[in-house]
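**Student:** Numbering (the numbering used here), first residue to last: 24 to 282. We treat Cβ as the ideally placed atom computed from N, Cα and C, and that holds for glycine.
(1) Are at least three pairs of beta-carbons, each pair with one atom in the segment 169-184 and one in the segment 80-95, less than 8 Å apart?
(2) Classify residue 87: buried if its beta carbon has 16 or more other beta carbons within 10 angstroms, exposed otherwise.
(3) Are the beta-carbon atoms of residue 54 and residue 153 separated by less than 8 Å?
(4) DSSP three-state call for residue 276: helix, strand or coil?
(5) Here's the rule I'm using: 16 or more other beta-carbon atoms within 10 Å means buried, otherwise exposed. How should residue 274 be labelled?
(6) Does the pairing of the segment 41-55 with the segment 65-73 give three or more beta-carbon distances under 8 Å?
(7) Compare the C-beta of residue 83 against all C-beta atoms of chain D and say whether one is closer than 8 Å.
(8) For my contact list, residue 208 and residue 90 are in at a C-beta cut-off of 8 Å; report their separation, rounded to the angstrom.
(9) Go ahead and label residue 56 buried or exposed: buried means 16 or more other beta carbons lie within 10 angstroms of its beta carbon, across all protein chains shown.
(10) Are the CB atoms of residue 50 and residue 104 within a distance shorter than 8 Å?
(11) I'd like to know whether the C-beta atoms of residue 60 and residue 205 end up nearer to each other than 8 Å.
(12) DSSP three-state label for residue 78, please.
(13) Entirely within the segment 177-236 and at least 4 residues each: give me those alpha helix (DSSP H) ranges in chain order.
(14) On the premise that residue 198 lies in contact with residue 58, defined as a C-beta separation below 8 Å, what is that separation, rounded to the nearest angstrom?
(15) Taking residue 121 as part of the alpha helix (DSSP H), name the residues at either end of that continuous run.
(16) Given that a residue counts as buried once 16 or more other Cβ atoms are within 10 Å of its Cβ, and exposed if not, what is residue 156?
(17) Quick one: using the 10 Å Cβ neighbour count with 16 as the cut-off for buried, is residue 66 buried or exposed?
(18) Rounded to the nearest angstrom, what separates residue 280 and residue 64 at their Cα positions?
(19) Have a look at 109, 215, 166, 201 and flag the residue whose alpha-carbon is nearest the alpha-carbon of residue 127.
(20) Is residue 58 helix, strand or coil when you go by DSSP?
(21) Just to confirm, is the Cβ distance from residue 270 to residue 202 under 8 Å?
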């Protein structure tokens with residue numbers, strides 16, 4: 024029995040089940056880019072976690088550890104947090120791919136100097152990275168992938184029963200394997216624009232060698248910016264397909280963790 028009484032009488036057992044179920048869901052909400060953003064109020068996260076947990080304890084027999092405030096109970100809570108963080112970390116990897124691609128593209132265009140505070144993480148990031156991040160978020164929400172991810176959280180209580188969950192080596196290997204796919208996706212996103220920038224820089228180098236009196240920086244930087252913007256505009260349909268595939272892959276990999 025839990026030694027701490029909240030004074031709710033007959034419903035106190037269900038309240039402890041609700042709070043214990045919210046541990047995994049809250050950890051997942053904290054790790055995922057959408058709900059874990061600094062712009063999302065903490066009260067909203069708690070309300071969403073409580074609403075999902077209320078459905079979970081209704082559909083799934085969630086059993087609270089016998090002594091929640093003992094060492095075994097704390098370890099059980101840490102296991103719940105680990106599962107939730109793993110489910111959210113998969114989406115973190117998928118949303119990091121556009122940011123990495125933006126770093127590569129912005130370096131070729133010379134736009135990495137223009138940086139601002141990212142409202143999602145609170146850190147400084149290139150403006151181009153925030154633009155691609157917004158496109159990734161719109162693709163993710165437009166496909167309804169966030170609903171599929173919430174459904175995976177509910178299904179995780181069947182795959183990993185509360186109190187006895189632990190991610191094995193195979194699950195960790197699957198999670199790390201998706202990190203490699205994330206870098207491959209970042210390269211695929213940045214490749215079309217990077218090739219255009221490479222051609223522009225080669226042409227600029229040839230022109231500067233032919234006419235040494237020309238200022239390389241005065242000629243190359245505007246040409247790189249204009250060519251990069253034109254390439255980005257032309258590559259928007261391709262970026263949409265890449266972001267859609269990345270969103271589907273993120274949910275698929277999150278589901279693979281449950282297997």
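**Tutor:** According to the data block:
(1) With three or more CB-CB distances shorter than 8 Å, the segment 169-184 counts as touching the segment 80-95.
(2) Mapped onto the chain shown, residue 87 falls at position 64. Under this definition residue 87 is a buried residue.
(3) Locating residue 54 in the chain shown gives position 31, counting from the first residue. Locating residue 153 in the chain shown gives position 130, counting from the first residue. No, these two residues do not count as a Cβ contact at 8 Å.
(4) Within the chain shown, numbered from 1, the residue matching residue 276 stands at position 253. Residue state, collapsed to three classes: helix.
(5) For the purposes of this step, residue 274 is taken as residue 251 along the chain shown, with counting starting at 1. Classification for residue 274: buried.
(6) Enough Cβ pairs lie closer than 8 Å, so yes.
(7) Absent from the structure is chain D; it holds one protein chain and no more.
(8) One-based indexing of the chain shown puts residue 208 at position 185. One-based indexing of the chain shown puts residue 90 at position 67. Wrong, their Cβ atoms sit about 45 Å apart, outside the cutoff.
(9) Walking along the chain shown from the start, residue 56 turns up at place 33. Taking a 10 Å sphere around the C-beta of residue 56, we find 16 or more other C-beta atoms and assign the residue as buried.
(10) Position 81 of the chain shown, counting from 1, holds the residue named residue 104. Position 27 of the chain shown, counting from 1, holds the residue named residue 50. In this structure, residue 104 places its C-beta atom within 8 Å of the C-beta atom of residue 50.
(11) Here residue 60 refers to the residue found at position 37 of the chain shown. Here residue 205 refers to the residue found at position 182 of the chain shown. Not closer than 8 Å, so no.
(12) Numbered from 1 along the chain shown, position 55 holds the residue referred to as residue 78. Assignment of residue 78 by DSSP, reduced to helix, strand and coil, places it in the helix class.
(13) Runs of the alpha helix (DSSP H) inside the segment 177-236: 192-233.
(14) Start at 1 with the first residue of the chain shown, and residue 58 comes out as number 35. Start at 1 with the first residue of the chain shown, and residue 198 comes out as number 175. Contact check for residue 58 and residue 198: beta-carbon distance about 20 Å, past the 8 Å limit, so the pair fails to qualify.
(15) Counted from its first residue, the chain shown places residue 121 at position 98. It spans 94-132 - the alpha helix (DSSP H) in which residue 121 sits, taken as one unbroken run.
(16) Along the chain shown, one-based indexing puts residue 156 at 133. So residue 156 ends up on the buried side.
(17) In the chain shown, counting from the first residue as 1, residue 66 sits at position 43. Flag for residue 66 reads exposed.
(18) On the chain shown, residue 280 is found 257 positions in, with the first residue counted as 1. On the chain shown, residue 64 is found 41 positions in, with the first residue counted as 1. So the two alpha carbons sit approximately 28 Å from each other.
(19) The sequence position of residue 127 within the chain shown is 104, counting from 1. That would be 215, whose Cα lies nearest to the Cα of residue 127.
(20) Counting from one through the chain shown, the residue named residue 58 turns up at place 35. Secondary structure at residue 58: coil, using DSSP grouped into helix, strand and coil.
(21) For the purposes of this step, residue 270 is taken as residue 247 along the chain shown, with counting starting at 1. For the purposes of this step, residue 202 is taken as residue 179 along the chain shown, with counting starting at 1. A distance of 8 Å or more separates the beta carbons of residue 270 and residue 202.
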